[in-house]
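**Student:**
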Amino acid sequence: MNPHLHLRPAAVVLGCALAACISTSEPRPEGTVRYEGSSTVAIFLRAAEPEYGVIEFEIDTSTESGGGECAILASKVDLAGIARTPRSETLLAGVKAELIGRDAIAVIVNAANPITALTSEELQRIFTGQAKSWLELGGPDLPVRPFIAGSESATREVFRKAVLGGQDYTGCEEVRPDEVIISRVAETPGGVGHISFSFLVGGGGVRAVRIDEEDPDVTNFDYPISRPLYLLWRSGSPVVDSFVAWTTGPEGQTIVMQSFVGTSVVGSVRSASAPQPTGTLIVHTETFPFDDGGIFYYPHRPYEILDRQGNLLRRIRNHRGRNDEQPSRVDLPQGTYLIRVRSSRGKVSEYFVTIEAGKTTELDVKQVSQGK
7 MNPHLHLRPA
17 AVVLGCALAA
27 CISTSEPRPE
37 GTVRYEGSST
47 VAIFLRAAEP
57 EYGVIEFEID
67 TSTESGGGEC
77 AILASKVDLA
87 GIARTPRSET
97 LLAGVKAELI
107 GRDAIAVIVN
117 AANPITALTS
127 EELQRIFTGQ
137 AKSWLELGGP
147 DLPVRPFIAG
157 SESATREVFR
167 KAVLGGQDYT
177 GCEEVRPDEV
187 IISRVAETPG
197 GVGHISFSFL
207 VGGGGVRAVR
217 IDEEDPDVTN
227 FDYPISRPLY
237 LLWRSGSPVV
247 DSFVAWTTGP
257 EGQTIVMQSF
267 VGTSVVGSVR
277 SASAPQPTGT
287 LIVHTETFPF
297 DDGGIFYYPH
307 RPYEILDRQG
317 NLLRRIRNHR
327 GRNDEQPSRV
337 DLPQGTYLIR
347 VRSSRGKVSE
357 YFVTIEAGKT
367 TELDVKQVSQ
377 GK
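Each step along the sequence shown adds one to the number in this note's numbering, with nothing skipped, and position 29 is 35.
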């Protein structure tokens, strides 16, 4: 199979991988950066370190967001991370804050539990001790065993505010550090817990459930339980200043969006100079069921548009609303693009498409995967 085959209008092509080539035009300051704080933000730092290339992180996540904010206030570390909005007193003390992305907080159950979706009201009952058995929630005859993050973790407070409506957790077992919640739920038949979606990559024995019919996913802006991710630092260190600036640029945001929702679109599909001739792209991705008062609709799943070098240009929701079954029509300047699609099972597929001025290009992912 020729990896450079293009998808012409009204045609299909098999997927192929593309490695992004990243280069820098200016030298970056080198050094070791001491980090303390959110274990969720630390996921980004570990992924960024080899891509950034010239600094090393000494990472301490034992104190989570609360400890990280205190550490940067006391100037005990170079960089801190929090998975919530910084406190006003922190900013007034001269600490700088940079929003780098948003994180979905997933609700996970034991993989053997047939429950696939829960409502906000059902979550309230679970984490306030009102729901005692999964039978009450349409599941098996098992006791409900909720696990929550420790009080120092931002996950715990963000989830409480978003889901419990001001009520306190009741009958829940605290777990430290956050990621251990995965193993506790996996070994407990009636287990249920809250955890950053980014921790679930490769996590066995558990399954994330839909909340209010929304999937926890880095492409789903409508998922109801999410929180901001911030880096905190004091200006003056060229090493830290340079790295933080990098996180909000195209290279850094590409790394952020491996696990989280980014803060900005990377790149641009429209020229800043004269308008370019455009064509239309329609991508028929996998659909998912949505129950609208007993009437089922099947909207299309999201996808991403990248340039030929693998740089993210746009995330396409691919439906206007949950009861919209038509894929989105996207106008693009003529040229060749890479389309990245993630299935409901997490499988990632990529396809080249060519957009021609004044014409419509359609990609049917199902037909391509079946070799039609």
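Don't be surprised by glycine CBs; every beta carbon is placed ideally from N, CA and C. Since this is a predicted model, take the numbers as computed values, not measurements.
#1: Per DSSP, P183 is paired with what?
#2: If you draw a straight line from the alpha carbon of K138 to that of P149, how long is it in whole angstroms?
#3: Expressed to the nearest angstrom, what Euclidean distance is found between the alpha-carbon atoms of V267 and P146?
#4: Going by DSSP, name the residue or residues bridged to A123.
#5: How about the region 91-105 and the region 236-244: do they share at least three Cβ pairs that are nearer than 8 angstroms?
#6: Taking the continuous beta strand (DSSP E) assigned at G37, which residues delimit it?
#7: Using only the alpha-carbon positions, how far apart do V186 and Y304 sit?
#8: Based on the DSSP secondary-structure assignment, which residues constitute the bridge partners of K102?
#9: Under DSSP, the alpha helix (DSSP H) around L79 begins and ends at which residues?
#10: What first and last residue would you give for the alpha helix (DSSP H) that runs through F249?
#11: Bridge partners of R335, per DSSP?
#12: If you draw a straight line from the C-alpha of P308 to the C-alpha of K82, how long is it?
#13: Return the chain-ordered list of same chain residues with a C-beta closer than 8 angstroms to the C-beta of I132, the five sequence neighbours on each side being excluded.
#14: Along the chain, where does the alpha helix (DSSP H) containing V262 start, and where does it finish?
#15: By DSSP, does E158 sit in helix, in strand, or in coil?
#16: Leaving out five residues before and five after H306 in sequence, what residues of the same chain have Cβ atoms less than 6 angstroms from its Cβ?
**Tutor:** In short:
#1: For P183, which the question treats as bridged, DSSP gives no partner whatsoever.
#2: Each residue's alpha carbon lies about 6 angstroms from the other.
#3: Distance between the alpha carbons of V267 and P146 is about 34 angstroms.
#4: When DSSP reads this structure, A123 sits in a beta bridge with R216.
#5: Taking 8 angstroms as the limit for Cβ pairs, the verdict is that the region 236-244 does touch the region 91-105.
#6: Counting along the chain, G37 sits inside the beta strand (DSSP E) bounded by residues 37-43.
#7: In a straight line, the C-alpha of V186 is about 35 angstroms away from that of Y304.
#8: K102 is bridged by DSSP to W239.
#9: Boundaries of the alpha helix (DSSP H) around L79: 70-79.
#10: It spans 244-253 - the alpha helix (DSSP H) in which F249 sits, taken as one unbroken run.
#11: Partner residues in the beta bridge of R335, as assigned by DSSP, are I288.
#12: Roughly 42 angstroms between the two C-alpha positions.
#13: The beta carbon of I132 sits closer than 8 angstroms to the beta carbons of L124, L143, V150, P152, V198 from its chain, once the five residues preceding and following it are set aside; these are given in chain order.
#14: 256-262 is the span of the alpha helix (DSSP H), which, as asked, contains V262.
#15: Correct three-state label for E158: coil.
#16: Around H306, the same chain offers T291, T293, N324, H325, P333 as residues with beta carbons nearer than 6 angstroms, after the five sequence neighbours per side are excluded.
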